[in-house]
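Quick note, my numbering runs 1310 ahead of the 1-based positions in the sequence shown.
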Amino acid sequence: MQYLFRFEKARPSQDAMLADIYNALDSGRDILVNAPTGVGKTDAALGAALTCALENDLRVMFLTPKISQHSIAIEAANGIKRRFGLDFTLVDMVGKKNLCTNAEVNCFGSDSFYSACERVVKAKSCRFFEKYRAMAEGNHDEKLREVVAEHAGGGHNKLFDACFDAGLCAYEASAYAAKRATVVIGDYPHILNPGIKPAFLKKLARDLSDTIIIWDEAHNIVSTASSYLSNSLGTWTIRRAMAELSLIGDKTDISYLEFALSKLASDKLGAMKMEGAFVDIGELSGVIMANLDELVRMFQERGLEYSQKTKAKRSALLHIARFLSAWNTDDPASRRIITGRGKTARLAIECLYPGRALSVFGEAYGNVFMSATLLPLEMHANLLGVKSADMRSYASPFPRANRLAFVDASATTKYECRSAEQYGRIADRITAIKDAVPGNVAVFFPSFDVLKGVHRHMKRGSIYVQRSDISSAELERLLREFKGSADSLLFGVMGGSLGEGVDYPGNIIKGIVIVGIPLARPDIALRARVEYFDGLFPGKGSEYVYTTPAIVRALQAAGRAVRSESDRAVVVFLDSRYRYGVYSKLIRDTMGLVDGPDCTGAIKEFWRDSKEAARAVA
Ligand code: SF4
């Protein structure tokens, strides 16, 4: 079988992956794919899906959680076009704000951008939109076709530049291209957010029945979809909204909102000194409930006025409007929870399980769910509600001997064991491991609190440290400096921007220490989620909600060092709990574990062997 694959030769796992995905889709089944770094899953998934799509007059949608992950899919699809001389349309779709060519509207913050765009479109005062409309509706869309044909496949930035030069709205042009496209690269919210999906599909003038969807980084789908369906309002937001009102000279008194939240907190939590409590829909103050629609309208209007006047990126008034409009949503998988301490209170609508967003999988012709950490596959098939899907896991193409993983049980970050003495012991172990590794070592912690606690005990210099409030510019600089060093430590947190998604090329990390297990705080929302999952998947609540996601976060961070066939590194899981079956099984299955009482001797030996091997090759 000849698949549409952009390279002459596929890697061994890619061959299997191409065939597995094609066969599943061709037989009308979804497929879950666990493919470690280096397998080349984007090329294999796109190649198999496109082969099936072109044979059956279907389309392919490639969705990622972040825009930064689009470029690899664009490269893969363009590579297929070039190699096979195909001329299908490929378009890179991102949010409207990123493709707005009207500088007077684009400058609005994301909260008010959409209504600003709507206003100028209604008033026919956006010249970019008017020019697009004249071309698209006037049956003389040659120029539009030309711009789209030449630039849509080059990524959204190229299309933006071309549309700007041609005086066209780049968002409308990309939607115009997407209507006719065989491949659309997009973001999760386009299809996964029930608030965005209908408008997006309407724009594309299609449903999903003729579309194969490839979900990249699929281990994130459930938590991301839950976040789209959750919302919260805190007293600090209400205070910010008061300040916004006074900035626009509006004297409306909204202090009753803060009073309502504080009263709810004191009624529900006060006497029992509870950390959180469930709230029923009707328990929000009667005045608010009786005027909900009117209040939503008022907060929306004032929020837009504030955004237009100040050009602020965000508006607390608009945030309140969104929260109040979501309050009455009747979703059996949602819980309303009040928490509070002192003078602050927070009322949250927590989506425990995003079933209503995940129903979209059934609308598509087929789905490919792929990730480098989609283990255990059965768990993800259950969570995604695709139990009859095919499931495949592929071996890492990198030589196993290039990475050794150990458990160091000499310390723990277990909550009740945290102490200065424990942190000192962890600092000593990190130092001993660093001394055994000839090069940079990255250390990932379960939280900033533990990071700070251990950092205080480090006697060694040259440590690059991630702060909880670090800006993206500072983070980039920190990474640049660390990547330029040869014998340093990097301290970051698991699940944060240094522990996931970021690449450390050129084998610049020779060792990784995973300190503790990044378990979520067992608060009232987490406990409610565990209970809800126990109802959906009997006996699996804690595993699905609590333990496995923590291990996946640890594995994501542990996977940062070995990114190519020639990279070599050691990984140490530093916590006695990693010896327990529930935690060690997934690690053992993913990267193997070397057993032994003290890892530092084995680490020195590993690097001594590497030097000898390198000398022998030289
Ligand atoms: S129609 Fe297009 S160019 Fe005009 S404001 Fe909206 S997004 Fe921007």
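All C-beta atoms, glycine included, are put in the ideal place defined by N, C-alpha and C.
All values derive from a computational prediction rather than experimental measurement.
Check, Outcome
"Taking buried to mean at least 16 other C-beta atoms within 10 Å of its own C-beta, is N1412 buried or exposed?", "buried"
"In whole angstroms, give me the CA-to-CA distance for V1927 and D1797.", "At V1927 the pLDDT is 47, less than 50, meaning the model places this residue with poor confidence; the figure from the coordinates comes in the next sentence. Spanning the two alpha carbons is a distance of roughly 24 Å."
"Going straight from the alpha carbon of D1844 to that of G1811, what length do you get?", "31 Å"
"At a cut-off of 6 Å, is V1415 close to ligand 1 when judged by its beta-carbon and the heavy atoms of the ligand?", "yes"
"Checking the sheet assignment: what are the DSSP bridge partners for W1525?", "L1373 and F1679"
"Excluding the 5 residues flanking I1506 on each side, which residues of the same chain have their C-beta closer than 7 Å to its C-beta?", "P1499 and H1500"
"Residue ranges of each alpha helix (DSSP H) run of no fewer than 4 residues wholly in the region 1769 to 1808, ordered along the chain?", "1782 to 1794"
"Where P1748 and T1910 are concerned, what is the direct C-alpha to C-alpha distance, given to the nearest angstrom?", "12 Å"
"What did DSSP end up calling D1844 once you bin it into helix, strand or coil?", "helix"
"Just the C-alpha distance for P1504 and A1535, rounded to the nearest angstrom, thanks.", "9 Å"
"Whether or not the region 1541 to 1560 and the region 1681 to 1695 are in contact is what I'm after, with contact meaning three or more pairs of Cβ atoms, one per stretch, closer than 8 Å; do they touch?", "no"
"For a quick check, are the C-beta atoms of V1494 and M1371 less than 7 Å apart?", "yes"
"From the DSSP secondary-structure annotation, give me the bridge partner or partners of N1541.", "I1659"
"Within the present structure, is the beta-carbon of V1430 separated from the nearest heavy atom of ligand 1 by less than 6 Å?", "yes"
"Would you say Y1481 touches ligand 1, meaning its beta carbon is less than 6 Å from a heavy atom?", "yes"
"Got a sec: is the Cβ-Cβ distance from S1540 to anything in chain C below 7 Å?", "The question asks about chain C, but that chain is absent: this structure has only one protein chain."
"In angstroms, rounded to a whole number, what distance separates the CA positions of G1613 and E1726?", "45 Å"
"State yes or no: is the C-beta of K1621 nearer than 6 Å to some heavy atom of ligand 1?", "no"
"Closer than 6 Å to a non-hydrogen atom of ligand 3 - does that hold for the CB of F1755?", "The ligand content of the structure shown is limited to ligand 1, which means ligand 3 is not among them."
"Is T1281 helix, strand or coil by DSSP?", "Any property of residue 1281 remains undetermined from this structure, which presents the chain solely from 1311 to 1928."
"Please classify S1537 as buried or exposed, where buried requires at least 16 other C-beta atoms within 10 Å of its C-beta.", "exposed"
"Taking only three categories from DSSP, how would you classify S1698?", "coil"
"If I follow the unbroken alpha helix (DSSP H) through I1647, where does it start and stop?", "Per DSSP, I1647 belongs to no alpha helix (DSSP H); it is in the beta strand (DSSP E), S1644 to R1651."
"Please name the residue in C1473, T1857, R1770 and Y1888 whose C-alpha comes closest to that of P1734.", "Looking at the sequence itself, residue 1734 is Gly, so the reference to Pro does not match. The residue with the shortest Cα to Cα distance from G1734 is R1770."
"Count Cβ pairs between the region 1601 to 1616 and the region 1418 to 1431 that sit closer than 8 Å; are there 3 or more?", "yes"
"To which residues of the same chain is V1882 closer than 6 Å at the C-beta, ignoring the five residues directly before and after it?", "F1716, D1718, I1743, V1823 and C1909"
"Quick test of your reading: A1871 and Y1814, contact by CB under 8 Å. State the CB separation rounded to the nearest angstrom.", "7 Å"
"Quick one: Cα of Y1332 to Cα of A1387, how far?", "16 Å"
"Quickly, what does DSSP pair F1883 with across the bridge? List them, please.", "V1717 and I1824"
"For V1678 versus A1462, is the C-beta distance shorter than 7 Å?", "no"
"Tell me the rounded alpha-carbon separation between E1268 and G1805.", "The chain is shown only over 1311 to 1928; residue 1268 falls outside these bounds and no answer can be derived."
"Could you compute how far the alpha carbon of A1737 sits from the alpha carbon of S1533?", "33 Å"
"Who are the Cβ neighbours of T1649 in its own chain at under 6 Å, not counting the five residues just before and after it?", "G1586 and R1656"
"The alpha helix (DSSP H) spanning F1588 covers which residue range?", "F1588 -> not in any alpha helix (DSSP H); beta strand (DSSP E) instead, spanning G1586 to V1589."
"Let me know the secondary structure DSSP gives A1674 once reduced to three states.", "coil"
"Alpha carbon to alpha carbon, what distance is there between V1775 and A1345?", "31 Å"
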